[in-house]
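Chemist: In the working numbering, the protein residues as written are 610 to 914. From the three backbone atoms N, C-alpha and C, an ideal C-beta is built for every residue, glycine too. Just so we're clear, the structure is a prediction, and the values are computed from it rather than from any experiment. Just passing along the structure, written as structure tokens.
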């Protein structure tokens with residue numbers, strides 16, 4: 610259980626949702642995506658573990674209940690586990706690349722591993738930190754999606770998906786910094802900065818129906834072709850919801866900020882499900898959304914941030 614806490618395991622189901630989304634979106638072979646999914650999950654957990662390894666001194670002061678500062682997991686063991694997961698994740702993408710006969714996934718995974726190391730070792734507490742975190746999540750999606758030849762067609766609109774996720778996680782990371790900043794944190798800056806960046810990320814997900822139809826009509830479900838405003842309504846709802854919750858959290862306790870971070874992370878399930886709804890219909894979308902259930906159940910015992 611302590612290792613699951615260290616790896617923020619409920620959040621790993623957002624990676625599973627990403628894998629399902631990419632698999633359904635591009636109709637990729639499940640054996641490719643199984644290997645790539647293992648690699649993706651391992652790299653994510655590596656980032657979480659190494660984050661706590663490098664935050665050891667700060668956590669001893671501010672979060673002594675966490676697995677490493679509490680002594681439940683030795684610092685050395687956590688360091689070995691983090692780097693082991695990093696190597697294992699890279700190997701997962703290497704295996705998927707070999708099976709698919711393309712090198713883009715493992716090359717992107719190499720950049721992702723470098724980004725994880727850079728964020729945790731040197732750049733986390735700098736203004737570059739949130740940008741690096743967003744890029745890591747975006748690179749994770751690029752590594753998965755680059756298994757599909759369609760994604761490598763730069764005239765296709767699918768690059769908007771990792772670009773949007775990058776902006777979204779950038780905003781989330783910026784907002785999450787308020788968790789340890791105390792009551793004197795500049796509320797207006799956090800609100801404007803994080804929510805607007807998140808809203809910008811969400812806006813990038815808007816499926817321009819004309820682009821999708823011109824590229825491949827089969828990618829868009831008939832309902833969206835007839836009534837494209839349905840996607841706009843979903844995006845607007847998410848933006849209003851997140852803005853309201855961020856506002857409430859900013860002017861409340863750090864505990865409220867922590868709960869808000871969890872909710873924003875779990876909104877990724879809705880984003881992935883919405884993207885699948887555009888191209889694959891409701892049943893496939895519900896399959897992706899179902900990943901929210903185990904994440905929510907485990908989240909009752911394991912913190913997401």
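Applying the criterion that 16 or more other CB atoms from any shown protein chain within 10 Å of the CB defines a buried residue, is residue 910 buried or exposed?
Modeler: The residue given as residue 910 occupies position 301 in the chain shown. Its Cβ having fewer than 16 others within 10 Å, residue 910 is exposed.
Chemist: With a Cβ-Cβ cutoff of 9 angstroms, do residue 717 and residue 751 count as a contact?
Modeler: In the chain shown, the residue the question calls residue 717 occupies position 108. In the chain shown, the residue the question calls residue 751 occupies position 142. Yes, the Cβ-Cβ distance between residue 717 and residue 751 is below 9 angstroms.
Chemist: How many Å lie between residue 647 and residue 761 at the Cα?
Modeler: Position 38 of the chain shown holds residue 647. Position 152 of the chain shown holds residue 761. Approximately 22 angstroms between the Cα atoms of the pair.
Chemist: Tell me which same chain residues have a C-beta within less than 6 angstroms of the C-beta of residue 743, skipping the five on either side of it?
Modeler: As a first step, residue 743 is located in the chain shown; it is residue number 134 there, counting from the start. Result list for residue 743: 775, 778 and 779, in chain order.
Chemist: Express the C-alpha separation of residue 634 and residue 678 in angstroms, rounding to a whole number.
Modeler: Translated into the one-based positions of the chain shown, residue 678 becomes position 69. Translated into the one-based positions of the chain shown, residue 634 becomes position 25. Rounded to the nearest angstrom, the two C-alpha atoms are 42 angstroms apart.
Chemist: Using a Cβ-Cβ cutoff of less than 6 angstroms, which residues in the same chain neighbour residue 657 once the five nearest sequence positions on both sides are dropped?
Modeler: Within the chain shown, the letter at position 48 stands for residue 657. Closer than 6 angstroms at the Cβ level, and outside the excluded window around residue 657, lie 616 and 617.
Chemist: What three-state label does DSSP hand residue 753 in the structure shown?
Modeler: Looking up residue 753 in the chain shown gives position 144. Helix.
Chemist: Are there any heavy atoms of the ligand PLP lying less than 8 angstroms away from the beta-carbon of residue 690, as far as the coordinates show?
Modeler: By its list of ligands, the structure shown contains no ligand whatsoever, and the ligand PLP lies outside what it can speak to.
Chemist: On a CA-only basis, which of 763, 705, 614 and 619 is nearest residue 902? Give me that one, please.
Modeler: Taking the chain shown and counting its residues from 1, the one referred to as residue 902 is at position 293. Answer by Cα proximity: 619.
Chemist: Can you check the region 645-696 for any alpha helix (DSSP H) of at least 4 residues that lies completely inside it and give the ranges in chain order?
Modeler: You should have 665-671.
Chemist: Looking at residue 703: is its Cβ nearer than 9 angstroms to the Cβ of residue 725?
Modeler: The sequence position of residue 703 within the chain shown is 94, counting from 1. The sequence position of residue 725 within the chain shown is 116, counting from 1. No, these two residues do not count as a Cβ contact at 9 angstroms.
Chemist: Quick check on the DSSP output: what are the complete alpha helix (DSSP H) runs of length 4 or more inside the region 699-766, in order along the chain?
Modeler: Within the region 699-766, the complete alpha helix (DSSP H) runs of at least 4 residues are 713-727 and 737-754.
Chemist: Using a threshold of 9 angstroms, state whether the C-beta atoms of residue 756 and residue 900 are closer than that.
Modeler: Walking along the chain shown from the start, residue 756 turns up at place 147. Walking along the chain shown from the start, residue 900 turns up at place 291. The answer is no: Cβ separation not under 9 angstroms.
Chemist: Measure the beta-carbon distance from residue 732 to residue 719 and round it to whole angstroms, keeping in mind my assumption that it falls under 8 angstroms.
Modeler: Here the question's residue 732 lines up with position 123 in the chain shown. Here the question's residue 719 lines up with position 110 in the chain shown. That belief does not hold up - the Cβ atoms of residue 732 and residue 719 are roughly 18 angstroms apart, past 8 angstroms.
Chemist: Mind checking residue 735: buried by the 16 CB within 10 Å criterion, or exposed?
Modeler: Working through the chain shown from its first residue, we reach residue 735 at position 126. Residue 735 is exposed by the Cβ-count criterion.
Chemist: Run through DSSP, which three-state label would residue 845 get?
Modeler: Within the chain shown, numbered from 1, the residue matching residue 845 stands at position 236. Residue 845: helix per DSSP, three-state reduction.
Chemist: Apply the 10 Å Cβ neighbour rule to residue 849 and answer buried if 16 or more other Cβ atoms are within range, or exposed otherwise.
Modeler: The residue you call residue 849 lines up with position 240 of the chain shown. So residue 849 counts as exposed.
Chemist: Please say whether residue 645 and residue 701 have beta carbons closer to each other than 9 angstroms?
Modeler: Within the chain shown, residue 701 is the residue found at index 92, counting from 1. Within the chain shown, residue 645 is the residue found at index 36, counting from 1. Yes, these two residues count as a Cβ contact at 9 angstroms.
Chemist: For the alpha helix (DSSP H) holding residue 904, just list the boundary residues, first then last.
Modeler: Residue numbering aside, residue 904 sits at position 295 when the chain shown is read from its first letter. Its alpha helix (DSSP H) spans residues 901-908.
Chemist: Our contact map puts residue 887 next to residue 630 with C-beta atoms below 8 angstroms; I'd like the distance itself, whole angstroms only.
Modeler: On the chain shown, residue 887 is found 278 positions in, with the first residue counted as 1. On the chain shown, residue 630 is found 21 positions in, with the first residue counted as 1. About 11 angstroms separates the two Cβ atoms, so there is no contact after all.
Chemist: How many angstroms separate the CA atom of residue 912 from the CA atom of residue 906?
Modeler: Position 303 of the chain shown, counted from the first residue, corresponds to residue 912. Position 297 of the chain shown, counted from the first residue, corresponds to residue 906. Taking the straight line joining both Cα atoms gives about 11 angstroms.
Chemist: Whose C-alpha, out of 692, 621 and 636, is nearest the C-alpha of residue 759?
Modeler: The count along the chain shown starts at 1 and reaches residue 759 at position 150. Checking every option, the nearest Cα to that of residue 759 belongs to 636.
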